[in-house]
Amino acid sequence: MPNFKISCPPFVIFALFFHRGVTNPNQATMEEVHEVVIVGAGVSGLATALGLHRKGIRTLVLESSDSLRAAGFALLTWSNAWKALDALGVGDLLRQTHVPLQRLVIHSAISGAVSQRQQFWDGRQRMQHEVRAVRRNQLLEALAKELPPNTIRFSSKVVSIEEEGRLKLLHLADGSTLKTKALVGSDGVNSVVAKWLGFRNASFSGRWACRGLAGFSKDYILKHQFIQYFFGNGFRAGIMPCDEKTVYWFFTWTPTDQEKEAEEDTVKIRELILARLKNSKVPKDVIEAIEGSDMGAMIPAPLKFRMPLHLLRWNICKDNVCVTGDALHPMTPDLGQGGCSALEDAVVLVRCLAERWLVLEVPEGEAAVWDYVQDSAKVC
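The sequence shown runs -23 to -1, 1 to 357 under mature numbering (1 follows the signal peptide of the UniProt record, and there is no 0).
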């Protein structure tokens, strides 16, 4: 049985308790009622579903698209994420296909000089930090393959939520409805569940990002390193290997008024990125790798975030409803912790649910939620 003893992340203080459910037995035969419904089959949603499955709790995951989405291409996963993946039982599988990064090297893109180095691992002894760039599609597939059949229901977009006694009634875009004893919103930065809880829209950071994957076998350039280049004026680029033949790259920038007009034009964005790179000290091989990427699959995205202080002011959970991942705390990629925090959220939530559902049997749901919030605050 996986060990789910991971401490609560600093600003992820939430809890969820749900009742055994007291419904009309005549209605139960006619209506679709689930133990736990998770909205969103992203990293946090699938991780939560898998963790609950490991604990013997059934879930239904509703995904609005018709397949698993790999937007973002890859995730930078640090030691805290690997602890969560190990708790979920998929860590070793993903280690087999993703190389460990040995160090972070930061360059000035203007002078080419190295401004900072941080060692993760010397290649021989125990890792100080376990850091890898994990391809998003492989992570989602690894989580999904461990779930029972029919756990994920695709083309199922939640459009509204209502309360019906102790249950939540979900209305889907196709006109169907279903009920659940517990609702977890893992549906991203524009979360329907977060809006139902009263969250404001996430704030725009003023920056945009493009990401991609490229074939790149010249290890003498990267040497299992995470390399970043700072251009100034909000421009930053990074590149790192996922495996021996594939690299993940990203580029962030603060657009000028003229560039704002091209934000959704992939051809113009490609020209912008390559022009900045070619007019810098970024190595030619790295530029050629990025230039050879499938730019058609690259979609520029605004970088949004939610202030941690806001989470202390808002109801991050209500009765038997809460949110995780980007639905709770979207963040810019500067710390490289977006995916890591989403995985941590899942493991903490699984531990909470398992304790309440399988052990404590507390009859007063709302009181149980806030008791656990207070306990979580002490742990953090």
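Quick reminder that beta carbons are idealized off the backbone N, C-alpha and C, glycines included.
Only a predicted model underlies this, so the values are computations on that prediction, with no experimental measurement involved.
Cβ-based burial, Val108 [other Cβ within 10 Å; buried from 16]: Burial call: buried.
Reduced DSSP secondary structure (H/G/I, E/B, other) of Ala179: It is coil, neither helix nor strand.
Beta-carbon gap between Asn57 and Glu321 smaller than 8 Å: Yes, Cβ-Cβ distance for Asn57 and Glu321 is below 8 Å.
Simplified DSSP assignment, three categories, for Ala86: Three-state result, Ala86: coil.
Member of Gln205, Val14, Asp311, Asn256 whose CA lies at the smallest distance from the CA of Lys158: Per the Cα distances, Val14.
Nonlocal neighbours in the same chain, by C-beta distance under 8 Å from residue 358, ignoring five residues either side: Residue numbering for the chain in the displayed model covers -23 to 357; residue 358 lies beyond these limits and cannot be assessed.
Asn297 beta carbon less than 8 Å from that of Leu174: The answer is no: Cβ separation not under 8 Å.
Which of helix, strand or coil DSSP assigns to Ile138: DSSP places Ile138 in strand when its eight states are reduced to three.
Residue range of the alpha helix (DSSP H) that includes Thr157: Per DSSP, Thr157 lies in no alpha helix (DSSP H); the unbroken beta strand (DSSP E) holding it starts and ends at 154 to 157.
Helix, strand or coil at Leu37 according to DSSP, with G and I counted as helix: Here Leu37 sits in strand by DSSP.
Start-end ranges of the beta strand (DSSP E) lying completely within the stretch 197 to 237, minimum 3 residues: Secondary structure in the stretch 197 to 237: the beta strand (DSSP E) runs of 3 residues or longer, each lying completely within the stretch, are 202 to 209, 212 to 218, 223 to 230 in chain order.
Which residues DSSP lists as bridging Cys294, in chain order: The partner list for Cys294 (beta bridge, DSSP) reads Cys299.
Own chain residues within Cβ distance below 6 Å of Thr229, not counting five before or after: Hits under 6 Å: Arg184, Ala186, Arg213.
Inter-residue Cα distance where the pair is Ile267 and Leu39: Between the alpha carbons of Ile267 and Leu39 lies a distance of about 35 Å.
Assigned exposure category for Leu171 - 16 Cβ within 10 Å defines buried: Looking at the sequence provided, one finds Ala at residue 171 rather than Leu. Using a 10 angstroms sphere on the CB of Ala171, the tally of other CB atoms reaches 16 or more, which defines it as buried.
Continuous alpha helix (DSSP H) stretch holding Ser21: start and end: Counting along the chain, the alpha helix (DSSP H) containing Ser21 begins and ends at 20 to 31.
One or two residues paired with Leu81 in a DSSP bridge: DSSP lists Gln95, Phe203 as partners of Leu81.
Given 8 Å, three or more beta-carbon pairs between the stretch 142 to 155 and the stretch 44 to 52: No, the stretch 142 to 155 is not in contact with the stretch 44 to 52.
Spatial distance of residue 359 from Gln205 (CA atoms): The question about residue 359 has no answer here: the residues shown for the chain are numbered -23 through 357.
For Thr54: DSSP bridge partner residues: Here Thr54 is bridged, per DSSP, to Arg109.
Min CB distance Gly28 to chain C below 8 Å: The structure shown contains no chain C; it is built from a single protein chain.
Contact check, Val82 vs Val91, beta carbons under 8 Å: With respect to Val91, Val82 sits close: the two C-beta atoms are nearer than 8 Å.
Supposed contact pair Ala323 and Ala18 - C-beta distance, whole angstroms, cut 8 Å: No, Ala18 and Ala323 are not in contact; Cβ-Cβ is about 12 Å, not under 8 Å.
Cβ shell of Ala319 (< 6 Å), same chain only, five flanking positions each side left out: Answer for Ala319: Val20, Ser21, Gly302, listed in chain order.
Other residues of its chain near Met275: CB distance less than 8 Å, five sequence neighbours each side excluded: If we look at Met275 and ignore the five residues flanking it on each side, its Cβ neighbours are Cys187, Arg188, Gly189, Thr243, Ile246, Arg247.
Contact set for Leu251: own chain, Cβ-Cβ below 8 Å, skip 5 residues either direction: These residues qualify, in order along the chain: Ile264, Ile267, Glu268.
Short Cβ contact (8 Å threshold) for Ser41 with Lys145: Not closer than 8 Å, so no.
Given Lys261 as reference, the closest of Leu70, Leu330, Met284, Phe193 once Cα atoms are compared: The shortest C-alpha separation from Lys261 is found at Phe193.
Those residues which DSSP pairs with Val145 across a bridge: The identity of residue 145 in the sequence shown is Lys, whereas the question assumes Val. According to DSSP, which records beta bridges pairwise, Lys145 is partnered with Glu140, Thr157.
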